[in-house]
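Participant: Sending over a structure as structure tokens; questions will come in a sec.
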Amino acid sequence: GTNQAVPISYYKQFDTGQAVIASRTQATSADDYLAQAKVLIEQGNIQTEVSRIETGRELIILANKSLILLQSAQGYRQRGVGKMWSKDYQGALSDYNDAIEIDPQLAEAYNSRGIVKYDLKDYQGAISDYNKAIEINPQNAFAYSNRGLVKVESGDYQGAISDYNKAIEINPQNALAYYNRGLTKGRDLGDYQGSISDSSKAIEINPQYASAYNNRGTAKHALGDNQGACYDVKKAASFGYQAATQWLNSE
Numbered sequence: 154g155t156n157q158a159v160p161i162s163y164y165k166q167f168d169t170g171q172a173v174i175a176s177r178t179q180a181t182s183a184d185d186y187l188a189q190a191k192v193l194i195e196q197g198n199i200q201t202e203v204s205r206i207e208t209g210r211e212l213i214i215l216a217n218k219s220l221i222l223l224q225s226a227q228g229y230r231q232r233g234v235g236k237m238w239s240k241d242y243q244g245a246l247s248d249y250n251d252a253i254e255i256d257p258q259l260a261e262a263y264n265s266r267g268i269v270k271y272d273l274k275d276y277q278g279a280i281s282d283y284n285k286a287i288e289i290n291p292q293n294a295f296a297y298s299n300r301g302l303v304k305v306e307s308g309d310y311q312g313a314i315s316d317y318n319k320a321i322e323i324n325p326q327n328a329l330a331y332y333n334r335g336l337t338k339g340r341d342l343g344d345y346q347g348s349i350s351d352s353s354k355a356i357e358i359n360p361q362y363a364s365a366y367n368n369r370g371t372a373k374h375a376l377g378d379n380q381g382a383c384y385d386v387k388k389a390a391s392f393g394y395q396a397a398t399q400w401l402n403s404e
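This is the structure in structure tokens:
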């Protein structure tokens, strides 16, 4: 079995941890708003639930301004991400459907829709969307990483590891794939040393990766390294990881 002393959770697709706000320069076209929204998706602060919701609301505002000027697939896709981060899952699904209707070859829309279906526990629907995203763009590292999450839910841990491996092969700087692989190794396969190695790599890529610190702390705790575990959980808490804070308060 695996040690459950330190709560853990997944961060999917966009997990940079960088608190960078999109440019405030005056936008004059739909493409300008899309460009600002793209920066927010790639670099916005989504480490905590509160910051993720706030960033999502800002993203919806930018996407709405773009869509008023031009009904585009990317506009709907970006607004869908904002709604997803704001926990409006049905609204996100509707926007992703509209994006795919406008551009059936938009891999990012299938990948994003798969995330919502995963959150709604429609695992077959999520797998189908990730498969389509990969079919359109075989270099879509996020789709492989996200598909791995679904395979974990079905108990296909080796299949999940294979998808994480592919995501890392495509993008060796994909901190999310290292984190997810490390989580599966530790929690599901009992490979705590492997979990520590992958979590450390994720932290090396993104030194503010709160959930990676938390996962590494879980693995260290399982191996009896309580001092190391405490250090990592405190680091996770310092970056706003609520589950780590709750665990520290319970000790």
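Heads up: take any position in the sequence shown, counting from 1, add 153, and you land on the numbering used here.
We treat Cβ as the ideally placed atom computed from N, Cα and C, and that holds for glycine.
#1: Would you tell me roughly how many angstroms separate the C-alpha atoms of A396 and I221, rounded to the nearest one?
#2: Helix, strand or coil for N318 per DSSP?
#3: If you draw a straight line from the alpha carbon of A363 to that of S182, how long is it in whole angstroms?
#4: Report the rounded CA-to-CA distance for I314 versus E254, giving the unit in angstroms.
#5: Are G335 and N368 closer than 8 Å when you measure CB to CB?
#6: In this structure, how does DSSP classify T337 when only helix, strand and coil are distinguished?
#7: When you compare the segment 252 to 266 with the segment 205 to 220, are there three or more beta-carbon pairs, one atom per stretch, that lie closer than 8 Å?
#8: For D309, report the span of its alpha helix (DSSP H) as first-last.
#9: Indicate the three-state DSSP secondary structure (helix, strand or coil) for D385 in the structure shown.
#10: Taking its Cβ as the centre, do 16 or more other Cβ atoms sit within 10 Å of R266, making it buried, or is it exposed?
#11: Apply the 10 Å Cβ neighbour rule to G233 and answer buried if 16 or more other Cβ atoms are within range, or exposed otherwise.
#12: Whole-angstrom Cβ separation of Y317 and S348, contact assumed at under 8 Å?
#13: Residues in its own chain within less than 7 Å of D272 by CB, not counting five upstream and five downstream?
#14: Is it buried or exposed, L302, if we count other Cβ atoms within 10 angstroms and call 16 or more buried?
#15: Tell me whether K240 is buried or exposed, calling it buried when 16 or more other Cβ atoms sit within 10 Å of its Cβ.
#16: Assuming L259 and A296 are in contact, meaning their beta carbons sit under 8 Å apart, how far apart are those beta carbons, in whole angstroms?
#17: Express the C-alpha separation of K270 and G278 in angstroms, rounding to a whole number.
#18: Out of curiosity, what's the CA-to-CA distance linking S391 and I268?
#19: Taking DSSP as the reference, what is the three-state secondary structure of N327?
#20: Taking the Cβ atom as the reference point for each residue, do K236 and I213 lie within a distance shorter than 8 Å?
#21: Please name the residue, chosen from P360, I358, S307 and C383, that lies closest to G370 on a Cα-to-Cα basis.
#22: Within a Cβ cutoff of 8 Å, which residues of the same chain sit near G312, ignoring the five residues on either side of it in sequence?
Facilitator: From the atom records:
#1: Counted from its first residue, the sequence shown places residue 396 at position 243. Counted from its first residue, the sequence shown places residue 221 at position 68. Between A396 and I221, the C-alpha separation is close to 40 Å.
#2: By 1-based counting over the sequence shown, the position of residue 318 is 165. Looking at N318 - three-state DSSP - the assignment turns out to be helix.
#3: The residue labelled residue 363 in the question sits at position 210 within the sequence shown. The residue labelled residue 182 in the question sits at position 29 within the sequence shown. Cα to Cα, the separation comes out at about 36 Å.
#4: If you number the sequence shown from 1, residue 314 lands on position 161. If you number the sequence shown from 1, residue 254 lands on position 101. One C-alpha to the other measures close to 32 Å.
#5: For the purposes of this step, residue 335 is identified with residue 182 of the sequence shown, where counting begins at 1. For the purposes of this step, residue 368 is identified with residue 215 of the sequence shown, where counting begins at 1. Closer than 8 Å, so yes.
#6: Reading the sequence shown from its first residue, position 184 is the one you call residue 337. Three-state DSSP puts T337 in a helix.
#7: no
#8: For the purposes of this step, residue 309 is taken as residue 156 along the sequence shown, with counting starting at 1. Neither: D309 is in no alpha helix (DSSP H) and is coded neither H nor E.
#9: Within the sequence shown, residue 385 is the residue found at index 232, counting from 1. Note: D385 maps to helix in three-state DSSP.
#10: Along the sequence shown, read from residue 1 onward, the residue named residue 266 stands at position 113. Buried: at least 16 other Cβ atoms inside 10 Å.
#11: Counting from 1 along the sequence shown, the entry for residue 233 is found at position 80. The residue is buried, with at least 16 neighbouring Cβ atoms inside 10 Å.
#12: In the sequence shown, residue 317 corresponds to position 164, counting from 1. In the sequence shown, residue 348 corresponds to position 195, counting from 1. Going by Cβ atoms, the distance from Y317 to S348 rounds to 12 Å, so no, they are not a contact pair.
#13: In the sequence shown, the residue the question calls residue 272 occupies position 119. Cβ within range, chain order: Y242.
#14: Taking the first residue of the sequence shown as position 1, residue 302 is located at position 149. Looking at its Cβ environment, which holds 16 or more other Cβ atoms inside 10 Å, L302 is buried.
#15: By 1-based counting over the sequence shown, the position of residue 240 is 87. By the neighbour-count rule (16 or more Cβ atoms within 10 Å), K240 is not buried but exposed.
#16: The residue given as residue 259 occupies position 106 in the sequence shown. The residue given as residue 296 occupies position 143 in the sequence shown. That belief does not hold up - the Cβ atoms of L259 and A296 are roughly 12 Å apart, past 8 Å.
#17: What you label residue 278 is simply residue 125 of the sequence shown in a count that begins at 1. What you label residue 270 is simply residue 117 of the sequence shown in a count that begins at 1. Using only the alpha carbons, I get a separation of about 6 Å.
#18: Taking the sequence shown and counting its residues from 1, the one referred to as residue 391 is at position 238. Taking the sequence shown and counting its residues from 1, the one referred to as residue 268 is at position 115. Each residue's alpha carbon lies about 27 Å from the other.
#19: As a first step, residue 327 must be located in the sequence shown, where it is residue number 174. DSSP places N327 in coil when its eight states are reduced to three.
#20: Here residue 236 refers to the residue found at position 83 when the sequence shown is read from its first residue. Here residue 213 refers to the residue found at position 60 when the sequence shown is read from its first residue. In this structure, I213 lies closer than 8 Å to K236 by Cβ.
#21: For this step, residue 370 is matched to residue 217 along the sequence shown. When only C-alpha atoms are compared, the closest one is C383.
#22: The residue you call residue 312 lines up with position 159 of the sequence shown. Answer for G312: G301 and K304, listed in chain order.
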